[in-house]
Ligand code: ADP
Ligand code: ZN
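This is the structure we're talking about:
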């Protein structure tokens, strides 16, 4: 009887403690923290409604309004943020370890209190409380482990992956390289069309090296207040250094590092220059043993300020192109991994029908298909869903006019590129053609062929003549196959390059016997009216080379057809495949 009374007393005590704690938790969850968008937070700041902000380094910030309401908002993590708060008379509390420890202890205490209460009343409700606590605490943990991206999440882009894989070791063990006196790479520039996986690759590098990933976008720096861009850059690097090894990712770097004109006056804005300079200074400031790699991405490498590309900055440049048919298949497979795809769906077929799709569009295609199937509660994702999704994805892309991509266009591109490659190969055995492709690159119009000229210090007259012929090879092939009236605009950038080369050869290098050893830049600067003879001579010269180029292709018509056919089938050929065709 006596013992029973004590138990009852203890029980009552436990229940009341648990009740109080339970109410506390309940209030904490329901009323204490409201989530404010960053924008509305700033409005509250402007209106003087914010009392205190608790400072930390995670994705979310906590604080209290003047009316006692607690809130959570996004952490902008900028240097000037704190100053801005202080200027508004807002109390800034640094969240220190003690506070965190206190939170953890009270958290455990609360959890057990709720547990006791829950056990007393109902097992189920205890589970629910725990679940709620779990979601609450998740806000604080910055990057959940499940978000980790690895190179297995990137399909295609094999060359880029190989190059980046070399960097994993640099990040993990910079001291090893230091002890050999090796200068560590600092910056890698990834360039190529949008949605081709540049961000994904950078994330994967961080994931593989198991270091934090810091990302900003160059466009965030447009129209910021004076000095703010520069201070943001410094803050970014400071945070990266504090966390030790890391990968810093700067997307759309062209917005930040536009080519500056000679005087520096009209290139970018003054503010843009300051931001860019801050970036360059930070990158030069690396001691090289820190294990920090900066990756930048752009889809327009031609507009970048050269200062960015110098040694010690973004001195490694990797092109990320649109996927060819094999890469598309790999990407489609990757993004159907966890989806119930019908056995009748032939991914290879889809890969063939999605030329010029980026990785992002392919991902989108599979996702839209899954959504359609889910909406209908279908058992599998079928070809019908995918066909429907195909049009949704294309309609969503207004940038490119898909209807213009016909089989005929593909055929023209194939012959054009085959023309460049074949001329290169037939002119000299030492000319290498690393890759021919009908997938457009940032460098060319329809497709591209990557010629690597022989490695020598001086260019001979013969080299220049050959390069001009290679450039003209695309147009020559078009004329041969389509006829004089059906040549296309696809050769415009080729003609630009050919003209530039011919003009320099004749007007600057003194390599034309008729014009002689004169440098026309000097003549033109002296305001003498002598431009016409140079132009006439250049025109004649290009015409002659064009005729010779056409003759090469006519003599090799069989090979031109063979390369074009293979290109239509495989979309891109490497050097080995090209040589094999030429051996027959
Ligand atoms: P970018 O930075 O080049 O614009 P992203 O890396 O942001 O492109 O790509 C967007 C999304 O598209 C990725 O998150 C991924 O789902 C998909 N994706 C793009 N390229 C690939 C690829 N090579 N392999 C797998 N998925 C890809
Ligand atoms: Zn061309």
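Numbering (my numbering), first residue to last: -12 to 571. We put the CB at the ideal spot given by N, CA and C, even for glycine. A quick note: this is a predicted structure, and the numbers were derived from the prediction, not measured.
Suppose only complete runs of 3+ residues qualify. What are the beta strand (DSSP E) ranges in the segment 197 to 228, listed by chain order? 200 to 204
Out of 531, 46, 45, 80, which has the shortest C-alpha to C-alpha gap to residue 37? In the chain shown, the residue the question calls residue 37 occupies position 50. Minimum Cα distance to residue 37 is reached at 80.
Within this structure, are the beta carbons of residue 350 and residue 285 separated by less than 8 Å? Residue mapping note: residue 350 aligns to position 363 of the chain shown, counting from 1. Residue mapping note: residue 285 aligns to position 298 of the chain shown, counting from 1. Cβ atoms of residue 350 and residue 285: not closer than 8 Å.
Can at least three beta-carbon pairs, one atom from the segment 293 to 305 and one from the segment 172 to 182, be found at a separation below 8 Å? yes
In the DSSP assignment, the beta strand (DSSP E) including residue 422 goes from what residue to what residue? Translated into positions along the chain shown, residue 422 becomes position 435. That run of the beta strand (DSSP E) goes 419 to 424.
Please find out if some non-hydrogen atom of ligand 2 comes closer than 7 Å to the beta-carbon of residue 481. For the purposes of this step, residue 481 is taken as residue 494 along the chain shown, with counting starting at 1. The answer is yes for residue 481.
Return the CA-CA distance between residue 358 and residue 198, expressed in angstroms with no decimal places. As a first step, residue 358 must be located in the chain shown, where it is residue number 371. As a first step, residue 198 must be located in the chain shown, where it is residue number 211. Distance between the alpha carbons of residue 358 and residue 198 is about 34 Å.
Residues near ligand 1, CB to any non-hydrogen atom under 6 Å, in chain order? 141, 142, 143, 144, 181, 182, 183, 184, 185, 186, 187, 284, 318, 321, 346, 347, 350
Should residue 401 be listed as close to ligand 2, given that the test is whether its C-beta is under 7 Å from any heavy atom? Position 414 of the chain shown, counted from the start, is the residue given in the question as residue 401. No, ligand 2 has no heavy atom inside 7 Å of this Cβ.
Between residue 242 and residue 206, is the Cβ-Cβ spacing less than 8 Å? As a position in the chain shown, residue 242 is number 255, starting the count at 1. As a position in the chain shown, residue 206 is number 219, starting the count at 1. Contact flag set, yes.
Report buried or exposed for residue 220, applying the criterion of at least 16 other Cβ atoms within 10 angstroms of its Cβ. Counting from one through the chain shown, the residue named residue 220 turns up at place 233. Residue 220 is buried by the Cβ-count criterion.
I'd like the list of long-range same chain contacts for residue 148, defined as Cβ closer than 6 Å, with 5 residues on each side in sequence excluded. Here residue 148 refers to the residue found at position 161 when the chain shown is read from its first residue. Cβ neighbours of residue 148 beyond the five flanking positions: 138.
For residue 177, list the residues DSSP reports as bridge partners. What you label residue 177 is simply residue 190 of the chain shown in a count that begins at 1. DSSP output for residue 177 lists 284, 305 as bridge partner(s).
Cβ of residue 477 versus every heavy atom of ligand 2: is any distance shorter than 7 Å? Residue 477 sits at position 490 when you count from the first residue of the chain shown. Flag set: Cβ of residue 477 near ligand 2.
Let me know the secondary structure DSSP gives residue 404 once reduced to three states. Here the question's residue 404 lines up with position 417 in the chain shown. Helix, per DSSP.
Cutting at 7 Å between CB atoms, please list the residues of its own chain near residue 552, excluding the five before and the five after it. Against the chain shown, residue 552 aligns to sequence position 565. Excluding residues within five positions, none has a Cβ falling inside 7 Å.
Counting only the same chain and skipping the five closest in sequence on each side, list residues whose C-beta sits under 7 Å from that of residue 184. On the chain shown, residue 184 is found 197 positions in, with the first residue counted as 1. Correct list, in chain order: 141, 144, 307, 346.
Contacting residues, own chain, Cβ-Cβ under 6 Å from residue 537 (five flanking each side not counted): Reading the chain shown from its first residue, position 550 is the one you call residue 537. Same-chain partners within the cutoff: 463.
First through last residue of the beta strand (DSSP E) which encompasses residue 559: As a first step, residue 559 must be located in the chain shown, where it is residue number 572. Per DSSP, residue 559 belongs to the beta strand (DSSP E) from 559 to 561.
Quick check on the burial criterion: 16 or more other C-beta atoms within 10 angstroms. Buried or exposed for residue 479? Along the chain shown, one-based indexing puts residue 479 at 492. By the neighbour-count rule (16 or more Cβ atoms within 10 Å), residue 479 is not buried but exposed.
With DSSP as the reference, label residue 382 as helix, strand or coil. For the purposes of this step, residue 382 is taken as residue 395 along the chain shown, with counting starting at 1. In the structure shown, residue 382 sits in a helix (DSSP, three-state: H, G or I).
Which same chain residues end up closer than 6 Å to residue 499 when comparing Cβ atoms and leaving out the 5 residues on each side of it in sequence? Against the chain shown, residue 499 aligns to sequence position 512. Cβ neighbours of residue 499 beyond the five flanking positions: 493.
Excluding five sequence neighbours on each side, which residues of the same chain lie with their C-beta closer than 7 Å to the C-beta of residue 490? The residue you call residue 490 lines up with position 503 of the chain shown. Contacts found: 525.
Under a three-way DSSP split, which group does residue 60 fall into? Locating residue 60 in the chain shown gives position 73, where the first residue counts as 1. DSSP places residue 60 in strand when its eight states are reduced to three.
From the DSSP secondary-structure annotation, give me the bridge partner or partners of residue 52. The residue given as residue 52 occupies position 65 in the chain shown. DSSP, once it has assigned bridges, lists 37 as partnering residue 52.
State the beta-bridge partners of residue 233 as determined by DSSP. Against the chain shown, residue 233 aligns to sequence position 246. According to DSSP, which records beta bridges pairwise, residue 233 is partnered with 279.
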